[in-house]
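Trainee: Okay, handing you the structure first.
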Amino acid sequence: MKEFYNNKKVLITGDTGFKGSVLSYILMLMGADVTGYALCPPTNPSMYHTLEMDKKIQHIEGDIRDFSHIQNVFREIQPEIVFHLAAQPLVRESYQNPVYTYETNVLGTVYLCECIRQNPCVSSFLNVTTDKVYQNDEEDQPFQEDMPLKGRDPYSNSKSCSELVTYSYLQSFYKDMQVAVSTVRAGNVIGGGDFAANRILPDCVRAAAGGKDIIVRNPHSIRPYQHVLEPLFVYLLIAMEQYRNAEKQGCYNVGPDKEDCITTGELADLFCRYWGEGMKWIDRYDGGPYEAGFLKLDCTKLKETFSWQPKWNVEQAVEQSVEWYKAFYHHEDMQKVTKRQIGEMFDV
């Protein structure tokens, strides 16, 4: 993989976000010519600034809703591979700002797909979506890629729409072009460097750092928790393989094995165990808006197509995450810590 990405021109939208920052860092370590396009980092602190990505890659500050700007970026950069991660990524935020969520997640995808249509330099395009795109009847059945795309809340629904936009461009335009296209539906990611609000692990870390009990809103919700490096490896794998062979393009789930799909309360238990220091959590539902109670992914297609298996189970994912955050609060060299963890997953 390292040899493939060396010197490749790669564009990442949303490079200042948690996933985007780590993906940019991995590609930089592999020798890729990386350009990021995004707004300012959404949190402070942020993984983007922790890794000093502003010094390591070419970053262009811009809004994915600014069509003329992103067009100019494509004309200038002429990327070979595009990873689309720019999004409004939070369910609760989507209830508060639904128009912004749809503009970013749907219209932003339209603009990006149109730029790819206008620029035949692109050979591989990966649209990163979510496990929440599926119609969720709260049944104990893992989602498969051929199930209906009917996200319920504004965030989930906007990501369903993003999938449909991508499919339309593939059928209407890309079939006559030399560009392979995949969408990847990832489960809930955890990992060191995520400082977002209203996410369970960052909430746990903030409570621990402040010497407070952890507040858990929905401890019985089942989620496919996985370390962030798992889906990032898959994104890079799919983009590489479909670049080489367009028959590998498609829609893919990426998540943990079924035994690692656990409740939020169980995840909080794991965090408290690995953090230590007498940490505990409190069940306190805050009356917030609807969020799915059950999410599991069937990743058979991904495993069979690419001979892939997750590397870390959920306990290892939490352990790696706690290790990162403790190092951060002890003011260690976080680039060194991050690179060491990446090296356990990637050949960089």
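Under our numbering, read the sequence shown as residues 3 to 350, first letter to last. Glycine residues also receive a C-beta, built at the ideal position from the N, C-alpha and C atoms. All values reported here derive from a predicted model rather than from experimental measurement.
Would you mind working out which of TYR227, LYS282, THR15 and TYR331 sits nearest VAL218, comparing C-alpha positions?
Mentor: Comparing Cα positions, the closest option is LYS282.
Trainee: ARG187 to ALA210, Cα distance in whole Å?
Mentor: Rounded to whole angstroms, ARG187 to ALA210 spans 31 Å at the Cα level.
Trainee: Under DSSP, the alpha helix (DSSP H) around ASP259 begins and ends at which residues?
Mentor: Here ASP259 belongs to no alpha helix (DSSP H), and DSSP marks it neither H nor E.
Trainee: Residue ranges of each beta strand (DSSP E) run of no fewer than 3 residues wholly in the stretch 36 to 119, ordered along the chain?
Mentor: DSSP runs (the beta strand (DSSP E)) wholly in the stretch 36 to 119: 60 to 63 and 83 to 86.
Trainee: Excluding the 5 residues flanking GLN80 on each side, which residues of the same chain have their C-beta closer than 8 Å to its C-beta?
Mentor: For GLN80, where only same-chain residues beyond five positions count, the Cβ hits under 8 Å are LYS11, ASN121 and CYS123.
Trainee: For the putative contact between SER164 and VAL108, defined by C-beta atoms under 8 Å, what is the C-beta separation to the nearest angstrom?
Mentor: Right, the Cβ-Cβ distance comes to about 6 Å (below 8 Å), so this counts as a contact.
Trainee: Please name the residue, chosen from GLN318, LYS341, ALA270 and LEU234, that lies closest to TRP310 on a Cα-to-Cα basis.
Mentor: Answer by Cα proximity: LEU234.
Trainee: Looking only at its own chain, which residues have a Cβ that is under 7 Å from the Cβ of GLN65, when we skip the five neighbours before and after it?
Mentor: Sequence inspection shows Asp at residue 65; the Gln mentioned does not correspond to that position. The answer, listed in chain order, is LEU41.
Trainee: Alpha carbon to alpha carbon, what distance is there between THR340 and CYS253?
Mentor: When rounded, the distance between both Cα atoms is 29 Å.
Trainee: Pick helix, strand or coil for LEU297, following the three-state DSSP scheme.
Mentor: In this structure, LEU297 counts as coil in the three-state DSSP scheme.
Trainee: I'd like to check one pair, TYR157 with THR103: are the Cβ atoms closer than 7 Å?
Mentor: In this structure, TYR157 lies closer than 7 Å to THR103 by Cβ.
Trainee: Between ARG225, ILE192, MET242 and PRO44, which has its C-alpha nearest ASP142's C-alpha?
Mentor: With distances taken between Cα atoms, ASP142 lies closest to ARG225.
Trainee: Please give me, in chain order, every unbroken run of the beta strand (DSSP E) with length at least 3 that falls completely inside the stretch 139 to 219.
Mentor: Runs found: 182 to 188 and 216 to 218.
Trainee: Can you look up TYR227 in the DSSP assignment and give me helix, strand or coil?
Mentor: TYR227: coil per DSSP, three-state reduction.
Trainee: So is ALA199 buried or exposed if we call it buried at 16+ other beta carbons inside 10 Å?
Mentor: So ALA199 counts as exposed.
Trainee: Relative to the alpha-carbon of ILE62, which residue among GLY193, ARG154, LYS250 and VAL75 has its alpha-carbon at the smallest distance?
Mentor: Among GLY193, ARG154, LYS250 and VAL75, the Cα nearest to that of ILE62 is on VAL75.
Trainee: Counting Cβ pairs closer than 8 Å, one from the stretch 289 to 304 and one from the stretch 251 to 265, do we hit at least three?
Mentor: Touching, per the Cβ criterion.
Trainee: Could you check where the alpha helix (DSSP H) with TRP326 kicks off and where it finishes?
Mentor: It spans 316 to 331 - the alpha helix (DSSP H) in which TRP326 sits, taken as one unbroken run.
Trainee: With DSSP as the reference, label THR302 as helix, strand or coil.
Mentor: Helix.
Trainee: On the CB-based measure, 16 or more other CB atoms within 10 Å of its CB, does HIS229 come out buried or exposed?
Mentor: With 16 or more Cβ atoms within 10 Å of its Cβ, HIS229 is classed as buried.
Trainee: Find out if the Cβ-Cβ distance for the pair THR37, GLN60 is shorter than 7 Å.
Mentor: For THR37 and GLN60, yes; Cβs fall inside 7 Å.
Trainee: Measure the alpha-carbon distance for THR45 versus PHE197 and round it to whole angstroms.
Mentor: Each residue's alpha carbon lies about 6 Å from the other.
Trainee: Quick check on the DSSP output: the alpha helix (DSSP H) that includes VAL339 runs from which residue to which?
Mentor: Segment 336 to 347, the alpha helix (DSSP H) holding VAL339.
Trainee: Could you give the residue range of the beta strand (DSSP E) that holds ASP285?
Mentor: It spans 283 to 285 - the beta strand (DSSP E) in which ASP285 sits, taken as one unbroken run.
Trainee: Going by the C-beta, is TYR136 closer than 6 Å to any heavy atom of the ligand PLP?
Mentor: The ligand PLP is not among the ligands present in this structure, which contains no ligands whatsoever.
Trainee: Can you list, in chain order, the residues of its chain whose CB lies under 6 Å from that of LEU231, leaving out five sequence neighbours each side?
Mentor: Cβ within range, chain order: MET347.
Trainee: Taking a contact to mean a Cβ-Cβ separation below 7 Å, would you say ASP139 touches GLY189 in this structure?
Mentor: Their beta carbons are not under 7 Å apart, which means ASP139 does not touch GLY189 by this criterion.
Trainee: Between which two residues does the alpha helix (DSSP H) containing THR266 stretch?
Mentor: Its alpha helix (DSSP H) spans residues 266 to 277.
Trainee: Could you tell me whether the Cβ atoms of GLN343 and GLN322 are closer together than 7 Å?
Mentor: Against a cut-off of 7 Å, the Cβ pair of GLN322 and GLN343 comes out as a contact.
Trainee: Please name the residue, chosen from PRO150, MET179, ILE284 and GLY195, that lies closest to ASP352 on a Cα-to-Cα basis.
Mentor: Because the chain here runs from 3 to 350, residue 352 falls outside it and cannot be looked at.
Trainee: Between the alpha carbons of THR185 and SER170, how many angstroms are there, rounded?
Mentor: Cα to Cα, THR185 sits roughly 12 Å from SER170.
Trainee: In the DSSP assignment, find the unbroken beta strand (DSSP E) run with LYS11 in it and report its ends.
Mentor: Taken as a continuous stretch (DSSP letters only), the beta strand (DSSP E) holding LYS11 covers 11 to 15.
Trainee: Could you tell me the distance, in whole angstroms, from the CA atom of MET242 to the CA atom of GLY212?
Mentor: If you take the alpha carbons of MET242 and GLY212, they lie about 42 Å apart.
Trainee: With respect to the beta strand (DSSP E) encompassing VAL24, which residues constitute its N-terminal and C-terminal limits?
Mentor: From DSSP, VAL24 is part of no beta strand (DSSP E) but of the alpha helix (DSSP H) over 20 to 31.
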